[in-house]
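Below you'll find the structure, written out as structure tokens, and then a few comments.
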Amino acid sequence: MSANTTHMRREIDEIPEAAARLLDGSASALAEAGRGLR
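Numbering-wise (my numbering), the sequence shown opens with residue 11 and increments by one.
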């Protein structure tokens, strides 16, 4: 990234990776919550 990239831009660019980490690390909890919503 450019030296002029803002902190907000770096955070926005990180969203897909952060979402993947959340989903990968929370699969069982999300499945349990989904079952509870049925």
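Beta carbons: idealized from backbone N, C-alpha and C, even for Gly.
Query, Result
"Euclidean distance between Cα positions of A28 and A43", "20 Å"
"Alpha-carbon spacing of S38 relative to A30, whole angstroms", "14 Å"
"Residues near H17 by beta carbon distance below 7 Å, same chain, minus five either side", "none"
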